[in-house]
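Each residue of the sequence shown is one higher than the one before, counting from 136 in the numbering used here. Idealized CB from N, CA, C, for every residue including glycine. Given the structure is predicted, the values throughout are model-derived calculations rather than measurements. Just below is one structure, and these are the notes that go with it.
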Amino acid sequence: MVDLAKLKGKGAPPPAEAAPDVIQSDQREEPVQMVAIQFRVPPSVFAEFSEAAGREFGFTKGAKSNLFLKMWAEYRKTR
Numbered sequence: 136m137v138d139l140a141k142l143k144g145k146g147a148p149p150p151a152e153a154a155p156d157v158i159q160s161d162q163r164e165e166p167v168q169m170v171a172i173q174f175r176v177p178p179s180v181f182a183e184f185s186e187a188a189g190r191e192f193g194f195t196k197g198a199k200s201n202l203f204l205k206m207w208a209e210y211r212k213t214r
């Protein structure tokens, strides 16, 4: 159980006018809803694509998606 007596005297939050507006200062882009794209390829193609994605973007979650999006952007430039 928490001893509430230890919490007293710790101070109050800063006044509202002194606190920064974190909502206004958040410059991150709005999240984009993602949709799964599914198709079948031979295991050798999948292995090569996975390795290429890992080398390009690091062996982390989303590397294959990032490689596909990069390929798609290059394709659109040629159209």
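Asked, Found
"Assigned secondary structure, M136 (DSSP; H/G/I helix, E/B strand, else coil)", "coil"
"M172 (DSSP reduced to helix, strand or coil)", "It is worth fixing the name first, because residue 172 is Ile in this sequence and not Met. Residue state, collapsed to three classes: coil."
"Nearest candidate by alpha-carbon position, reference F184, set M169, R163, V167 and M206", "M206"
"DSSP-derived helix/strand/coil call for Q159", "helix"
"Per-residue burial, A182 [other beta carbons within 10 Å of its own, 16 or more giving buried]", "exposed"
"R190 versus S160: straight-line alpha-carbon distance, rounded", "34 angstroms"
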